[in-house]
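In our numbering, the protein residues as written are 419 to 612. Cβ atoms here follow ideal geometry from the backbone N, Cα and C, with glycine treated the same way. As the structure is a computational prediction, the values presented were derived from the model and not from experiment. Notes for the one structure printed next.
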């Protein structure tokens, strides 16, 4: 289990603490938490306290806060310098600025692209890495374009997983899966990217 990272966020702090304790008892590599989303946290101080309590429940396990305001409606600034934030999906920029890791759902969908991007950066081939970054951005653009028809990127993400041979089933309401014609068109568009 040395490479398992468990998301322990839930609707209550008590549940998140219990999940964090359990995850640590199972020997996971790290835990991550979304903030509670039913009653969103509105101040940075409250968010920090929430994270402190969840992390304290698993003191020997690294903790990562999962900042995804578009989904959680929790948009506390993570920096006093807004210009220091990176746009979602900008792996190349993050690595060039010193990041040595990243978390993102599209890495599951385009592992080869991101592996090539990292390899090219390690060889200082910026034009090659930029081409891979653009390929990933084209992919994400299609993911969100078709996701707008279904209520979010989860239905399109599940479709992509089935395209690569890992059918993870349909989404549940209120989201809807792509219709057969949308799915076919989406697949054809993705083939032109990768």
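Here residue 601 has 577 as same chain residues with Cβ atoms under 7 Å from its own Cβ, once five neighbours each way along the sequence are excluded.
Residue 545 and residue 515 have their C-alpha atoms roughly 16 Å apart. In this structure the segment 534-541 does not lie against the segment 580-593, because fewer than three pairs of beta carbons, one per stretch, are closer than 8 Å. In this structure the segment 430-446 does not touch the segment 483-494; the number of beta carbon pairs closer than 8 Å is below three. In the structure shown, the three-state DSSP call for residue 452 is coil.
For residue 564, the enclosing alpha helix (DSSP H) begins and ends at 544-565. One thing to note: residue 596 has its Cβ no nearer than 8 Å to the Cβ of residue 610. Where residue 484 is concerned, there is no enclosing alpha helix (DSSP H), because DSSP gives it neither an H nor an E. Taking a C-beta distance under 8 Å as the contact criterion, residue 452 and residue 459 do not qualify as a contact pair.
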